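Note that this note's numbering has the sequence shown beginning at 283, numbered continuously upward. Backbone N, C-alpha and C fix where the C-beta goes; we use that ideal spot for every residue, glycine too. Since the model is a prediction, treat every value here as computed from it, not as a measurement. Below is one structure, written out as structure tokens; the observations come after it.
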Amino acid sequence: MKSKAFKEYIQPVVVLVAICLVITFALAYVNSITSPIIAENSAKAADASRAELLPAATSFEKYEGELLVAVPDKVFVTECYVAEGIGMVVTVQSSSFGGLITEMIGIDNEGSITGVKVTAHSDTKGLGTKAHESGYLEQYKGVTELAGADNIKGDSAVTYISGATISSNGVYQGVCVALQQYQAVQGGAN
Numbered sequence: 283m284k285s286k287a288f289k290e291y292i293q294p295v296v297v298l299v300a301i302c303l304v305i306t307f308a309l310a311y312v313n314s315i316t317s318p319i320i321a322e323n324s325a326k327a328a329d330a331s332r333a334e335l336l337p338a339a340t341s342f343e344k345y346e347g348e349l350l351v352a353v354p355d356k357v358f359v360t361e362c363y364v365a366e367g368i369g370m371v372v373t374v375q376s377s378s379f380g381g382l383i384t385e386m387i388g389i390d391n392e393g394s395i396t397g398v399k400v401t402a403h404s405d406t407k408g409l410g411t412k413a414h415e416s417g418y419l420e421q422y423k424g425v426t427e428l429a430g431a432d433n434i435k436g437d438s439a440v441t442y443i444s445g446a447t448i449s450s451n452g453v454y455q456g457v458c459v460a461l462q463q464y465q466a467v468q469g470g471a472n
């Protein structure tokens, strides 16, 4: 009787636990091999994006000073890289319709925006994403200051996309905080 109970109830549980343990260790092993490769590829992609925004730069050094937070959990700088004598690239997250968007903003040594690139978002495809297209983002090139209004509608220097105002405003807020980060870094350099 004991043998039958073991085979019927305990043995399947032991076998399943053993299978789960083997699979868990296999996945952990594969993760330990692939995670450095994934991190390296992510770093290369970020470097390529920075080089695209500041093409004259040959190298970037991570800024270790204070990063600005305009509105906690809504508009904040996540990292800043300086290209000595050329400018900087500021990575910002800002609140948009679908959640936080991540954008990189290149700023030259004169304080002029060299480019804006949205690198991650969850906005509605086809409508909200219009605010992430290069044609729309081109309007920020050459801009040295924005009104810094709470809403893009309050700044006549740039336009917003009707029907995608929240997404347009997310990009705008990110660019505003990037310019503020540039000014803070430059102020600390003098």
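A contact between stretches requires three or more CB pairs, one per stretch, nearer than 8 Å, and the region 407–421 meets this requirement with the region 439–448. Cα atoms of residue 344 and residue 397: separation of roughly 19 Å, rounded to the nearest angstrom.
Secondary structure of residue 336 (DSSP, three-state): coil.
The straight-line gap separating the alpha-carbon atoms of residue 457 and residue 463 is approximately 10 Å.
Taking a cut-off of 8 Å for Cβ pairs, the region 309–318 and the region 413–420 do not touch, as fewer than three such pairs fall below it. The Cβ atoms of residue 403 and residue 434 do not sit closer than 7 Å to each other. DSSP lists 371 and 397 as the beta-bridge partner residues of residue 388. In this structure, 451 is the residue among 469, 451, 461 and 465 with its C-alpha nearest to the C-alpha of residue 356.
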